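Note that the sequence shown covers residues 0 to 290 in numbering that gives the first Met the number 0.
Note that beta-carbon positions come from the ideal geometry of N, C-alpha and C, so glycine has one too.
None of these values were measured; they are calculated from a predicted model.
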Amino acid sequence: MNVDLIYFSGTGNSYKTIETCKEMFLQNGCKTTLSSVTDKPIIRKQSDLIGFCFPVYAFGIPRICRKYLLNLPKFKRPINSFILITAGDSDESGFSIKESAKILKKKGLTVIYSDVIQMPINWTVSMNPPSKKEALSIIDRGVKKAKEIALDILNGIPHHHVFNYPPKCSKIGFYRDYYLFKWLGVSSLWRNFRIDNTCDSCGLCEKLCPTESIQIVHEKPKWANTCEQCMRCVNYCPKQAIFQKGEGSIKGKNIYYEPTFKPLKVKTEKHVKANATGNESRVVHRRHSTC
Ligand SMILES: Cc1cc2nc3c(=O)[nH]c(=O)nc-3n(C[C@H](O)[C@H](O)[C@H](O)COP(=O)(O)O)c2cc1C
Numbered sequence: 000m001n002v003d004l005i006y007f008s009g010t011g012n013s014y015k016t017i018e019t020c021k022e023m024f025l026q027n028g029c030k031t032t033l034s035s036v037t038d039k040p041i042i043r044k045q046s047d048l049i050g051f052c053f054p055v056y057a058f059g060i061p062r063i064c065r066k067y068l069l070n071l072p073k074f075k076r077p078i079n080s081f082i083l084i085t086a087g088d089s090d091e092s093g094f095s096i097k098e099s100a101k102i103l104k105k106k107g108l109t110v111i112y113s114d115v116i117q118m119p120i121n122w123t124v125s126m127n128p129p130s131k132k133e134a135l136s137i138i139d140r141g142v143k144k145a146k147e148i149a150l151d152i153l154n155g156i157p158h159h160h161v162f163n164y165p166p167k168c169s170k171i172g173f174y175r176d177y178y179l180f181k182w183l184g185v186s187s188l189w190r191n192f193r194i195d196n197t198c199d200s201c202g203l204c205e206k207l208c209p210t211e212s213i214q215i216v217h218e219k220p221k222w223a224n225t226c227e228q229c230m231r232c233v234n235y236c237p238k239q240a241i242f243q244k245g246e247g248s249i250k251g252k253n254i255y256y257e258p259t260f261k262p263l264k265v266k267t268e269k270h271v272k273a274n275a276t277g278n279e280s281r282v283v284h285r286r287h288s289t290c
């Protein structure tokens, strides 16, 4: 079976999840590719299964993922797909699966599996991520679930995540946050980034940004409106110098990124290779390629 896996990840949770699935598919003899929506996503002509893994942002999927899905061509033959969402709290995955599934259906893909995997929260500007120890145990559980999901998919066991309003917030609060972030948040929050006087202009934030939305100007980072609010810059800043206006400094908070995630390495892999068992010559390297 040919499996193409597509992800977006700010701090490594979605990468870890989909990479775990990839390993399971490989172990079971599938020819598998893994690529990011920010690079050159690979969908092969002979793909049998396309898997997506995205984080949830304020009950929806990140803008860049929505755009990617909307730009997919209409598939001319039926292809199975699955959607995995990583969330700080699996009850709070909101419309993320519904949103993605609706678009995929329009593109002619059949969603055979969808689920939410709880991973550590990374929204450090607004919340406090778990401690390192807590984070590791959440990741362990997430990885275990990802393995089980991959096996279910391989064994043809379907699953469809059922959306429930998050128990912790009112319906009004839910819709407010969802629409505010979707229509206003991503298009305006980039303006709210600030740095404190501990920033030593190391430039790491600029190098790491998955959407290339940070530029060092006069030795200080400046954010552009293509910022997805993925929190990579905030969590990787060695000085914890980045914060958002109105939220206050993040100093004293836990920071979070998935400890095995190597964003620089992932970023510099310009042409994502088909993996060891994949036959590279058969791989179509095209942005938004069709089947
Ligand atoms: C802007 C933003 C909004 C988020 N909104 C939610 C949310 O509504 N519900 C939730 O459970 N987690 C939320 N999170 C947490 C992330 O979805 C979670 O930590 C995810 O696993 C991060 O994935 P990544 O490491 O692949 O970027 C949010 C994180 C960010 C940065």
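- What is the DSSP secondary structure of Lys30, reduced to helix, strand or coil? The DSSP-derived three-state label of Lys30 is strand.
- Take the Cβ of Phe101 as the centre, count every other Cβ of all protein chains shown within 10 Å, and call the residue buried at 16 or more, exposed below. The sequence given here has Lys at residue 101, not Phe. Burial call: exposed.
- Item | Buried versus exposed call for Tyr14 [16 or more other C-beta atoms within 10 Å across all chains shown] | buried
- Item | Lys269, DSSP secondary structure in three states | At Lys269 the pLDDT is 45, less than 50, meaning the model places this residue with poor confidence; the figure from the coordinates comes in the next sentence. In the structure shown, Lys269 sits in coil (DSSP, three-state: anything other than H, G, I, E or B).
- Hey, out of Phe180, Asn121 and Glu98, whose CA is closest to Val110's CA? Of the candidates Phe180, Asn121 and Glu98, the one whose C-alpha sits nearest the C-alpha of Val110 is Glu98.
- Task: Can you say whether Asp199 is buried or exposed, counting buried as having 16 or more other CB atoms within 10 angstroms of its CB?
- Result: exposed
- Segment contact flag, the region 200-212 with the region 243-252, C-beta cutoff 8 Å, min 3 pairs: The region 200-212 vs the region 243-252: no contact.
- Message: Going by DSSP in three states, Lys105 sits in which element: helix, strand or coil?
- Response: For Lys105, the three-state secondary structure derived from DSSP is helix.
- Message: Is Phe162 a contact residue of ligand 1, with contact defined as CB to any heavy atom under 7 Å?
- Response: No, the Cβ of Phe162 stays beyond 7 Å of every heavy atom of ligand 1.
- Does ligand 1 have even one heavy atom less than 7 Å from the beta-carbon of Tyr306? Outside the displayed span of the chain (0 to 290) sits residue 306, for which this structure offers no information.
- Query: Which ranges would you report for the beta strand (DSSP E) in the region 70-115 if only whole runs of at least 3 residues count?
  - Reply: 78-86
- Tell me Ser35's beta-bridge partners as DSSP assigns them. Tyr6
- Query: Per DSSP, Tyr56 is paired with what?
  - Reply: Gly59
- Message: Could you check if Tyr235 belongs to the surroundings of ligand 3, using beta carbon to heavy atom distance under 7 Å?
- Response: The ligand content of the structure shown is limited to ligand 1, which means ligand 3 is not among them.
- Task: Would you check if the distance between the CB atom of Ala145 and the CB atom of Ile116 is smaller than 8 Å?
- Result: yes
- Task: Starting from Val216, trace the beta strand (DSSP E) both ways and give me its first and last residue.
- Result: Ile213 to Val216
- Hey, would you say the C-beta of Met0 is under 7 Å away from at least one heavy atom of ligand 1? Incorrect: Met0 has no Cβ contact closer than 7 Å to ligand 1.
- Message: Measuring CB atoms only, is the region 128-136 touching the region 24-35, in the sense that at least three cross pairs come out at less than 8 Å?
- Response: no
- Task: Classify Ile156 as helix, strand or coil using the three-state DSSP reduction.
- Result: coil
- Spatial neighbours of Gly59 within its chain, please: CB distance less than 8 Å, with the 5 preceding and 5 following residues excluded, ordered by chain position. Result list for Gly59: Arg65, Gly93, Phe94, Ser95, Glu98, Tyr177, Phe180 and Lys181, in chain order.
- Hey, would you say Asn12 sits closer than 8 Å to Met126, going by beta carbons? no
- Query: Rounded to a whole number of angstroms, what is the C-alpha to C-alpha distance between Val185 and Asn191?
  - Reply: 11 Å
- Just to check, is the beta-carbon of Ala57 closer than 7 Å to a non-hydrogen atom of ligand 1? yes
- Query: Quick one: does the C-beta of Asp88 sit closer than 7 Å to a heavy atom of ligand 1?
  - Reply: yes
- Item | Where the beta strand (DSSP E) through Arg193 begins and ends | Per DSSP, the unbroken beta strand (DSSP E) holding Arg193 starts and ends at Phe192 to Ile194.
- Query: When the Cα of Ala240 is compared with those of Asp195, Ile254, Leu71 and Glu246, which residue comes out closest?
  - Reply: Asp195
- Any heavy atom of ligand 1 closer than 7 Å to the Cβ of Pro119? At least one heavy atom of ligand 1 is nearer than 7 Å to the Cβ of Pro119, so yes.
- For Arg175, is the classification buried or exposed, using 16 other Cβ atoms within 10 angstroms of its Cβ as the cut-off for buried? That one is exposed.
- Among Asp47, Asp90, Val36 and Tyr255, nearest to Leu69 - alpha-carbon criterion: Checking every option, the nearest Cα to that of Leu69 belongs to Val36.
- Query: Any idea what DSSP makes of Phe173, helix, strand or coil?
  - Reply: helix
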